[in-house]
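Q: A single structure is presented below for examination.
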Amino acid sequence: MLFLFLFIFLIFPQVSEAQCAMCRAVVESEADGKTAEGINNGIVYLMAIPYILVAGLFFFIYRKMRN
């Protein structure tokens, strides 16, 4: 299950577009598209780390209780 989650997460990173209102306003005011892409990827990766840690914790708890 964890492998499936990581596989889907790594294959489809473009699906999850996340930006706060302030970041979006700053990025839209700039003409360079690479800055917007970099900020968006940074936000998505920072947001994903806690979810990956919690999923790993639940996986280990599930595996421990199953044995």
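Here the sequence shown stands for residues 4 to 70, where the numbers follow the numbering used here. Backbone N, C-alpha and C define an ideal beta-carbon position, used for all residues, glycine too.
Looking at residue 46: is its Cβ nearer than 8 Å to the Cβ of residue 30?
A: no
Q: So the alpha helix (DSSP H) residue 51 belongs to, where does it begin and stop?
A: Residue 51: member of the alpha helix (DSSP H) spanning 36-69, first to last residue.
Q: For residue 36 and residue 70, what's the separation of their Cα atoms in angstroms?
A: 51 Å
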